[in-house]
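First comes the structure, then the notes that go with it.
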Amino acid sequence: FYSANPMVPSKALWSIIAEKKYSKFLAAWFNSTPFFVQLLQERTETEGTWCELTKQAIMRMFVPGEDVWKDNKRWFDRQLDGIYDHEWPSLIQQFSEGYSMRERLDTAFLHSMGFQPSQIHQMLIELYKVIGREMVVMKAAMGGRIKKGSSQESLLKL
Numbered sequence: 020f021y022s023a024n025p026m027v028p029s030k031a032l033w034s035i036i037a038e039k040k041y042s043k044f045l046a047a048w049f050n051s052t053p054f055f056v057q058l059l060q061e062r063t064e065t066e067g068t069w070c071e072l073t074k075q076a077i078m079r080m081f082v083p084g085e086d087v088w089k090d091n092k093r094w095f096d097r098q099l100d101g102i103y104d105h106e107w108p109s110l111i112q113q114f115s116e117g118y119s120m121r122e123r124l125d126t127a128f129l130h131s132m133g134f135q136p137s138q139i140h141q142m143l144i145e146l147y148k149v150i151g152r153e154m155v156v157m158k159a160a161m162g163g164r165i166k167k168g169s170s171q172e173s174l175l176k177l
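Count along the sequence shown starting at 1, add 19, and that's the number in the numbering used here.
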């Protein structure tokens with residue numbers, strides 16, 4: 020998350036100090052699906068659904084540098100305008116039921132990586148389905164309730 024106030028992270032968080040606007044850009048990246056895929060790949064499961072990200076794992080992850088943001092500052096500001104202004108639903112809801120702000124966020128980053136709009140749309144449909152299913156399976160494995168007849172239950176049947 021982004022905070023304008025200096026904070027000291029606990030063991031569960033990593034902290035990055037950067038220019039305010041670049042910090043918001045990074046917060047958006049760290050909440051994007053391309054980053055989330057890396058997170059799923061690099062995480063070390065510690066207990067249940069909890070995981071740890073080691074410094075080594077973080078150093079292997081792709082994170083757009085400040086130069087990427089500076090070269091495209093106005094474009095990113097327009098694309099990401101308004102996504103910071105409200106509380107988002109849970110990740111499991113976003114991926115299993117769809118969420119327009121997530122699609123907008125992911126489309127902005129994938130477009131900046133060179134993907135074409137037609138590629139992005141199809142990729143996100145498949146990616147959200149796979150991630151949604153993975154999250155529902157993790158929830159079910161932890162004894163979480165899956166509402167009968169819900170979009171989450173239908174993902175278990177894929």
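Note that beta-carbon positions come from the ideal geometry of N, C-alpha and C, so glycine has one too. All of these numbers come straight from a predicted model, not from anything done at the bench.
*Return the CA-CA distance between residue 120 and residue 99, expressed in angstroms with no decimal places.*
Inter-residue distance for residue 120 and residue 99 is about 9 Å (C-alpha atoms, whole angstroms).
*Consult DSSP for residue 52 and reduce its assignment to one of helix, strand or coil.*
Three-state result, residue 52: helix.
*asked:* Would residue 91 and residue 131 qualify as a contact pair, given that the criterion is a beta-carbon distance under 8 Å?
replied: Using a Cβ distance threshold of 8 Å, residue 91 and residue 131 count as a contacting pair.
*Can you list, in chain order, the residues of its chain whose CB lies under 6 Å from that of residue 54, leaving out five sequence neighbours each side?*
Excluding the 5 residues flanking it on each side, residue 54 has same chain C-beta neighbours closer than 6 Å at 48, in chain order.
_Residue burial classification, residue 151 (beta-carbon count within 10 angstroms, cutoff 16)_ = Here residue 151 is buried, its C-beta having at least 16 other C-beta atoms within 10 Å.
*Strand pairing of residue 85, partner residues [DSSP]*: The bridge partners DSSP lists for residue 85 come to none.
*Where does residue 71 sit, in a helix, a strand or coil, going by DSSP?*
When secondary structure is reduced to three states using DSSP, residue 71 falls in the strand class.
*Alpha-carbon spacing of residue 153 relative to residue 105, whole angstroms*: Rounded to the nearest angstrom, the two C-alpha atoms are 26 Å apart.
_C-alpha gap between residue 128 and residue 156, whole angstroms_ = Rounded to the nearest angstrom, the two C-alpha atoms are 27 Å apart.
_Residues bridged to residue 126 [DSSP beta-bridge criterion]_ = By DSSP's assignment, residue 126 forms no beta bridge with any residue.
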